[in-house]
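Single-structure report; data block below.
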Amino acid sequence: MNAPKKFDVIGHARRRVDGRDKVTGALRYADDLKLPRMLHMKLLRSPHPHALIEAIDVARAQAYPGVHLVLTGKDFPVPFGIMPVAQDEHPLAPEHVRYVGDPVAAVVAKDEQTASEALALIDVKYKALPTISTPEEALAQPEARIHDYTDAGNIHRNQSFEFGDVEEALEKSDHVFEDLFFYEGDNHMAMEQHASLARAEGDGKLTIWSSTQDPHYLHRQLARVLQMSAAHIRVIACDNGGGFGGKCDPAGHEFVVSKAALMLGRPVKICLTREEVFYLHRGRHPVLMKFRTGVTKEGKLTGMHLQTLLDGGAYGSHGPASTFYTGVLTPLTYELPRFKFEACRMFTNKPACGPKRGHGTPQPRFGQEIQLDKIAEKLKLDPAQLRLNMVTKPNTLTASWLKIGSNSLAECIRQVVDGSGWKQKHGKLPQGRGVGIACSSYMTGAGVSIYWNKMPHTGVQLSLDRSGQVTVFCGATEVGQGSDDVLAAVVAETLGITTREVRCITGDTGITPIDLGSYSSRVTLMMGNAALQAAGRAREMLVAAAAEQLEVLPESIVLSQGRVFAAGDANKSMSFAECVVYAETKFGTLGTVGSYTPPKPPGKFKAAGVGPSPAYSFSACVVEVEVDEHTGWITVPKIWVAHDIGRALNPTLAHGQVIGGIYMGLGEALMEEQVFRRLPPKLSNALVHKIPSLLEYKSITSLDMPDVEVYLVEDPDPNCPFGAKEVGQGPLLPVMPAVANAVFDAVGVRIDEVPITPEKILRALHLKREGKNPRVGPDHFPDVPYVEPTYVIPPGEGGDGTESKMAVRKSANTRAERAAS
Amino acid sequence: MNAVAKPTAQRNAHIRLRVNGEEVEVSFAPYKTLLEVLREDLDLTGTKHGCELGECGACAVLVDGEPLLSCLKLAIECDGSAIETIEGLAAGAELHPLQAAFSDHGGSQCGYCTPGVLMTAKALLDAEPNPSRERIKEALSGNLCRCTGYQQIVDSVEDAARIINETTINETTANQKRAGA
Numbered sequence: 079m080n081a082p083k084k085f086d087v088i089g090h091a092r093r094r095v096d097g098r099d100k101v102t103g104a105l106r107y108a109d110d111l112k113l114p115r116m117l118h119m120k121l122l123r124s125p126h127p128h129a130l131i132e133a134i135d136v137a138r139a140q141a142y143p144g145v146h147l148v149l150t151g152k153d154f155p156v157p158f159g160i161m162p163v164a165q166d167e168h169p170l171a172p173e174h175v176r177y178v179g180d181p182v183a184a185v186v187a188k189d190e191q192t193a194s195e196a197l198a199l200i201d202v203k204y205k206a207l208p209t210i211s212t213p214e215e216a217l218a219q220p221e222a223r224i225h226d227y228t229d230a231g232n233i234h235r236n237q238s239f240e241f242g243d244v245e246e247a248l249e250k251s252d253h254v255f256e257d258l259f260f261y262e263g264d265n266h267m268a269m270e271q272h273a274s275l276a277r278a279e280g281d282g283k284l285t286i287w288s289s290t291q292d293p294h295y296l297h298r299q300l301a302r303v304l305q306m307s308a309a310h311i312r313v314i315a316c317d318n319g320g321g322f323g324g325k326c327d328p329a330g331h332e333f334v335v336s337k338a339a340l341m342l343g344r345p346v347k348i349c350l351t352r353e354e355v356f357y358l359h360r361g362r363h364p365v366l367m368k369f370r371t372g373v374t375k376e377g378k379l380t381g382m383h384l385q386t387l388l389d390g391g392a393y394g395s396h397g398p399a400s401t402f403y404t405g406v407l408t409p410l411t412y413e414l415p416r417f418k419f420e421a422c423r424m425f426t427n428k429p430a431c432g433p434k435r436g437h438g439t440p441q442p443r444f445g446q447e448i449q450l451d452k453i454a455e456k457l458k459l460d461p462a463q464l465r466l467n468m469v470t471k472p473n474t475l476t477a478s479w480l481k482i483g484s485n486s487l488a489e490c491i492r493q494v495v496d497g498s499g500w501k502q503k504h505g506k507l508p509q510g511r512g513v514g515i516a517c518s519s520y521m522t523g524a525g526v527s528i529y530w531n532k533m534p535h536t537g538v539q540l541s542l543d544r545s546g547q548v549t550v551f552c553g554a555t556e557v558g559q560g561s562d563d564v565l566a567a568v569v570a571e572t573l574g575i576t577t578r579e580v581r582c583i584t585g586d587t588g589i590t591p592i593d594l595g596s597y598s599s600r601v602t603l604m605m606g607n608a609a610l611q612a613a614g615r616a617r618e619m620l621v622a623a624a625a626e627q628l629e630v631l632p633e634s635i636v637l638s639q640g641r642v643f644a645a646g647d648a649n650k651s652m653s654f655a656e657c658v659v660y661a662e663t664k665f666g667t668l669g670t671v672g673s674y675t676p677p678k679p680p681g682k683f684k685a686a687g688v689g690p691s692p693a694y695s696f697s698a699c700v701v702e703v704e705v706d707e708h709t710g711w712i713t714v715p716k717i718w719v720a721h722d723i724g725r726a727l728n729p730t731l732a733h734g735q736v737i738g739g740i741y742m743g744l745g746e747a748l749m750e751e752q753v754f755r756r757l758p759p760k761l762s763n764a765l766v767h768k769i770p771s772l773l774e775y776k777s778i779t780s781l782d783m784p785d786v787e788v789y790l791v792e793d794p795d796p797n798c799p800f801g802a803k804e805v806g807q808g809p810l811l812p813v814m815p816a817v818a819n820a821v822f823d824a825v826g827v828r829i830d831e832v833p834i835t836p837e838k839i840l841r842a843l844h845l846k847r848e849g850k851n852p853r854v855g856p857d858h859f860p861d862v863p864y865v866e867p868t869y870v871i872p873p874g875e876g877g878d879g880t881e882s883k884m885a886v887r888k889s890a891n892t893r894a895e896r897a898a899s
Numbered sequence: 058m059n060a061v062a063k064p065t066a067q068r069n070a071h072i073r074l075r076v077n078g079e080e081v082e083v084s085f086a087p088y089k090t091l092l093e094v095l096r097e098d099l100d101l102t103g104t105k106h107g108c109e110l111g112e113c114g115a116c117a118v119l120v121d122g123e124p125l126l127s128c129l130k131l132a133i134e135c136d137g138s139a140i141e142t143i144e145g146l147a148a149g150a151e152l153h154p155l156q157a158a159f160s161d162h163g164g165s166q167c168g169y170c171t172p173g174v175l176m177t178a179k180a181l182l183d184a185e186p187n188p189s190r191e192r193i194k195e196a197l198s199g200n201l202c203r204c205t206g207y208q209q210i211v212d213s214v215e216d217a218a219r220i221i222n223e224t225t226i227n228e229t230t231a232n233q234k235r236a237g238a
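These protein sequence lines map, in sequence, to chains P and W.
The first sequence begins at 79 in my numbering and counts up one residue at a time.
The second sequence begins at 58 in my numbering and counts up one residue at a time.
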C-alpha cells in the first residue's frame with residue numbers, strides 16, 4: 079500500500095450483507111431445512127468410556143413401526159479423520175468404544191420421537207475395559223491401549239524441536255525461571271447445535287447440507303468413507319450458527335445421514351441435542367505446561383525450553399496440528415533468540431479435543447504471559463515496559479524461522495497502557511483491586527493446507543452480465559464472522575459499486591471454487607486476495623470497454639459509486655450497468671477467476687509448514703479486576719484491548735470480532751471448563767461428563783460482561799487485501815493471562831491455571847495467610863518420553879533453515895561434556 | 058428390556074392460534090412443544106433452539122405479549138393465544154427499530170441467538186420504553202450469545218429505544234401541531 083487512498087466501501091462501517099436475513103429470522107441454518115418425504119435420524123451412544131462391543135442386536139428396533147433403517151458400525155468399514163495422519167474414527171464404532179457418547183448405532187424413522195423410542199430397543203453387549211482419565215494415567219498405563227495404530231502406549235503425537243542450543247543459553251542467563259501451568263479444556267458452545275440434511279439424487283449422487291466450517295474437507299472425507307467419487311458429492315455449508323472451531327472436524331453423523339439417504343432414496347436429517355454437542359466436543363485441549371526461561375538482568379529473553387502435555391481425548395481429530403500449536407507460535411510475540419519445545423498428545427477416554435478459537439495457542443500464551451509477570455516482579459521492572467522492550471520487530475525472522483511482516487505490537491501496548499491508565503494503576507490501586515497486562519500474536523491463515531498439495535488455498539469466480547448484476551462465487555463459509563461481507567466488500571470496492579449490488583454464493587462444493595474453510599483466521603486474507611484478483615481482472619475488461627466507448631485512455635477511467643467515468647471530464651460518464659453492456663458486447667459473456675496460494679515458508683526442516691502465515695496479527699490487553707477477599711469472587715469492571723488488524727474492512731464487524739474474542743477469553747479465564755468425574759466403584763467407576771448442559775456449563779452472560787474498550791491499530795499489511803489482517807482469534811489470546819496477572823496485582827496470589835475460580839482464590843489467600851507460597855496451580859510435571867528434537871540453527875546464528883544433524887551431535891557432545899565437568 | 062414398546066396410538070392435538078396477527082389452526086402430535094409446532098408444523102423456523110431445556114433463550118417468543126421460552130411450553134397449552142415470533146417483527150419491508158439497530162451496531166453476528174434476543178428486547182421496550190443499560194443487560198441475561206460479547210447487543214437495544222422514543226415524541230408533536238392548527 080503506497081499513498082493513502084480514499085475508499086468507497088473499505089473501512090466504512092456498514093450493515094453486513096447478510097444482516098437483514100439474520101434480524102428477520104429468514105436465514106436458513108441446517109436444521110431449518112425441510113424436504114418432502116424427509117426422515118429423521120437419532121444416534122445410540124455408548125454409556126461406557128472404554129469398552130469392546132461384543133454384540134449388537136438391532137432386530138427389535140428394525141421391527142418397530144415407523145422405523146426405516148438401522149445402521150451400525152459394520153456399515154462403515156472405512157475410518158475418517160481430518161488429518162491424513164490421524165484417520166482413526168468411524169462414523170459408528172464397529173467394535174471399540176472410547177468415550178461416553180461414542181456413537182454405536184443409528185435409527186432412521188418417520189420422526190425424531192419414533193427414532194428415539196427405537197434406540198431403546200437396540201441391545202448392545204459391552205465388555206468394559208480399563209478407563210484412562212488423564213494424560214498422567216495414560217503415560218502410567220501404556221498397556222491399556224485406546225488406539226493400536228500409534229507407536230507406543232497411549233502417546234498420540236510426540237513432537238520436539240530445538241532452535242539453537244537452549245541449555246547453553248539458559249546457562250549463560252542471569253536468571254532462569256521455571257514455572258508450571260495448567261489450562262483446563264473447554265467447549266465452543268456455538269449456539270447452533272450441529273445439524274445435517276442429506277438427499278440422494280436420482281442417479282446415485284449425494285447432496286448434504288450441513289453446519290460445517292470446512293465443506294471442502296468434509297467433501298473429501300465423505301468420498302473416502304462412502305467409497306464414492308467426490309465428483310458425485312455436493313456439500314453445502316449452511317450459514318453456521320457459530321463455529322469457533324467446533325464445526326471443523328467432519329462429524330460421524332454427517333457420514334451416517336449421507337449413507338442413510340443413499341440407501342433409502344429419501345432425505346434424512348439429524349440435529350444433535352446440546353448434550354450430544356458436548357460429547358462430540360473437539361474443544362480446547364487441557365494442557366499441562368512447563369516453561370524454563372532464561373532472562374538477562376535487564377529483562378530480555380535469552381532462551382526458552384517449553385514442554386507441553388496435551389489431553390487429546392479419545393480420537394485424533396486435529397490433534398497433530400493442535401500439538402504443534404502448543405509451541406510453534408510462541409516466538410512471535412517477543413524476541414527469543416533460542417527456543418526448544420517438546421509437545422506430547424495423549425489419548426484418554428474422553429470426548430476428542432480439537433481446534434477451538436486460538437487453536438493450541440491460548441495455553442502457552444497463558445503460561446508465558448504469567449511467567450513474564452513473575453519475571454517483572456522479581457527484576458522489579460514494570461510488566462508493560464518489560465514487554466515493550468522486547469517485542470518482535472517488523473520484517474524479521476524468529477529463531478524458529480517464522481517470517482514476521484507488519485508488526486504493530488509496540489503501538490498496541492502503548493495504546494492499552496495509555497487508555498487504561500496503567501501507570502497510575504499497576505501496583506497502586508487499593509488492596510483488592512488490580513490490573514494485569516498480556517500480549518499475543520496469531521496467524522492470518524495457516525500457510526499450508528491440511529493435506530499436502532500445491533493447489534490454491536482458495537478460489538473466487540466472478541460473473542457479470544448485461545443487467546449489471548455481479549455474482550461472486552467462493553467456497554468460503556459464513557460462520558457468523560462476516561466472510562460474505564468481506565467478499566462483497568472487496569469486489570464492490572474494486573468495481574466501484576456498493577455491496578448491495580454484489581450477490582455472494584458461498585460454501586457450496588457443487589458450484590463454488592474450492593476454499594479450504596473457515597479456520598486458522600485465513601478467510602479474509604486468502605479469499606480476499608483471490609477476490610481482489612478476480613475483481614481486478616473484471617475491472618480491466620470494464621475499463622477497456624469504457625475507454626473505447628468514451629474515447630479516452632484506459633488509465634483515466636475511474637469506477638466509483640456505481641459510475642464509470644473519465645477522470646476530470648464530467649461529460650464522459652456512464653452507469654456501471656451500461657459499462658457492463660459495453661464489456662459484454664466487446665468480450666462476450668463476462669467471467670473472471672482469482673485464486674490465492676500462500677508464500678512458501680522460509681523454514682525447510684520437516685514440519686516447518688506448521689506456524690508460517692502470510693501475516694501475523696498482534697494484540698495487547700489490560701484487564702482490571704476487583705477481588706473480594708472474603709468470598710474469592712472476581713469482578714471485572716473493564717478491559718482494554720488493542721489489536722493490530724492491518725486494516726478494518728468493516729469497523730463494525732471488526733469491533734464485534736474483538737469484543738467477542740474478549741468475551742470468550744474471559745469465560746475461559748473465569749469459569750468455562752469441560753470436566754469429568756468418576757462414578758463410584760459400585761456404579762462401574764466409569765468416567766462421565768460432569769456438565770453436558772448449558773445450565774451447568776458456565777458461560778458469561780450479559781450481566782457478567784464488562785465494558786470493553788477496543789483500539790484497532792491500522793498499519794496495512796502488504797500481503798493482505800487492502801492490508802487487512804485477522805481479527806477473529808488473536809484478541810482472545812491475551813485475556814486469560816491478563817486476568818491472572820490482575821488478580822496478582824489485586825491480592826498478591828498466583829493462580830497458575832484456568833479457570834480462575836473463587837475457590838482457588840480463597841485457597842491461595844489461605845496459603846498466603848499461613849506464610850506459604852500463595853499459589854494455586856500444578857506442582858508436578860510427569861516424566862514424558864519426548865522424542866529427540868529436530869535441531870535447527872536459528873537465522874541469527876547462520877542457519878539455512880534446514881535440520882542440522884551435525885549440530886545435534888555437537889550440542890549433545892557439549893551437553894555431555896558439561897555434564898561430565 | 059423385555060417388553061417391546063408399542064407406539065401409542067395417539068391422535069393429533071388441534072388448536073387455534075393468532076400468530077403474528079394471523080389466525081391459524083394447527084394439528085400436531087400432542088407431546089410437541091410450542092417451539093416444535095412453530096418450527097415443524099407452521100414452518101416458522103426463525104425461532105431457534107439451542108438447548109431444549111430452557112437454558113439459552115434462543116427460542117424466546119411472545120405469548121400474549123409476554124416473553125416465553127417456547128421449548129418449555131407445550132403447544133396444547135397455548136390454544137387461543139396470540140404468539141409473536143421474529144417473522145412478525147418487521148412491518149412488511151420496513152424493519153422494526155430493534156432490527157435496524159441490530160443491523161447498524163453489529164448486534165447480530167452468526168445470527169442464531171438473534172431472534173430470541175430481539176423478541177426479549179421487544180418485550181422489554183414494550184413494557185419499559187427507557188431502560189437503563191443495566192436494565193437491558195438484566196432483561197437479556199437469559200439469552201446466551203456466543204459471538205458478540207453482548208456489548209453491541211446492548212448498544213443496539215439502547216439505540217432502538219432512543220429511536221422509538223424520538224419517533225413517538227415526533228409523532229406526538231406532529232399530532233399536537235395538527236390539533237393546534
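Virtual Cβ for every residue (Gly too), placed ideally from N, Cα, C.
D243 (chain P) and R416 (chain P): beta carbons closer than 9 Å?
-> yes
What does F159 (chain W) touch in chain P if you count any residue whose Cβ is under 7 Å from its own?
-> V101
Scan the segment 576-617 of chain P and note each continuous beta strand (DSSP E) run of 3 residues or more that stays entirely inside, going in chain order.
-> 580-584
Report the neighbours of P186 (chain W) on chain P: residues whose CB is nearer than 8 Å to its CB, in chain order.
-> Per Cβ cutoff of 8 Å: no residues; P186 (chain W) is ~20 Å from chain P at best.
N728 (chain P): first and last residue of the uninterrupted beta strand (DSSP E) it sits in | That residue, N728 (chain P), is in no beta strand (DSSP E); it is neither H nor E in DSSP.
Contact under 9 Å by Cβ, Q752 (chain P) with G361 (chain P) | yes
Contact belief for V636 (chain P) with A820 (chain P) at Cβ below 8 Å, rounded distance in angstroms = With 8 Å as the limit, V636 (chain P) and A820 (chain P) do not qualify as a contact, their Cβ atoms being about 52 Å apart.
For H234 (chain P), name the three-state secondary structure that DSSP assigns.
-> strand
Three-state secondary structure assigned by DSSP to A81 (chain P) | Here the model assigns A81 (chain P) a pLDDT of 49, short of 50, so the residue's position is not dependable and the matter cannot be decided.
Cβ-Cβ distance between V827 (chain P) and L843 (chain P) below 9 Å | yes
At which residues does the beta strand (DSSP E) containing V658 (chain P) begin and terminate?
-> Not the beta strand (DSSP E): V658 (chain P) falls in the alpha helix (DSSP H), residues F654 to F665.
Interface residues of chain W around A842 (chain P) at Cβ under 8 Å?
-> Chain W residues near A842 (chain P): none, gap ~28 Å exceeds 8 Å.
Alpha carbon to alpha carbon, what distance is there between A644 (chain P) and F85 (chain P)?
-> 18 Å
Quick one: which chain W residues come within Cβ less than 7 Å of I740 (chain P)?
-> G206
Please list the partners that S165 (chain W) has in chain P, where partner means a Cβ-to-Cβ separation under 7 Å.
-> G97, K100 and V101
Could you tell me how far apart the beta carbons of S73 (chain P) and V557 (chain P) are, in whole angstroms, since I believe they sit closer than 8 Å?
-> The displayed coordinates of chain P run from 79 to 899. Any statement about residue 73 (chain P) would go beyond what the structure contains.
Please classify W500 (chain P): does DSSP put it in a helix, a strand, or coil?
-> helix
First and last residue of the uninterrupted beta strand (DSSP E) at S697 (chain P) = Y694 to V705
Which partner residues of L637 (chain P) appear in the DSSP bridge assignment?
-> P:V642
Nonlocal neighbours in the same chain, by C-beta distance under 7 Å from D562 (chain P), ignoring five residues either side | V95, D96, E556, C582 and T584
Please specify which runs of the alpha helix (DSSP H), each continuous and at least 4 residues long, are wholly inside the segment 296-374 of chain P, giving them in chain order.
-> 330-342 and 352-358
S673 (chain P) lies in the beta strand (DSSP E); which residues open and close that run?
-> L668 to Y674
Rounded straight-line distance, which links the Cα of F859 (chain P) to that of E246 (chain P) | 22 Å
Segments of 4+ residues assigned as alpha helix (DSSP H) that fall wholly inside the segment 366-454 of chain P = 397-403
Sort out for me which residues DSSP pairs W718 (chain P) with in a bridge.
-> P:V700 and P:E787
Looking only at DSSP bridge pairs, what is C552 (chain P) linked to?
-> P:V538 and P:T584
Within its chain, find whatever has a CB closer than 8 Å to the CB of T228 (chain P); leave out the 5 residues flanking it on each side and keep chain order.
-> H234 and F425
Beta-carbon proximity list for D795 (chain P), same chain, < 7 Å, skipping 5 on both sides = G483, S484, A693, G724, G801 and K803
Taking just the CA atoms, how far does Y660 (chain P) sit from Q627 (chain P)?
-> 8 Å
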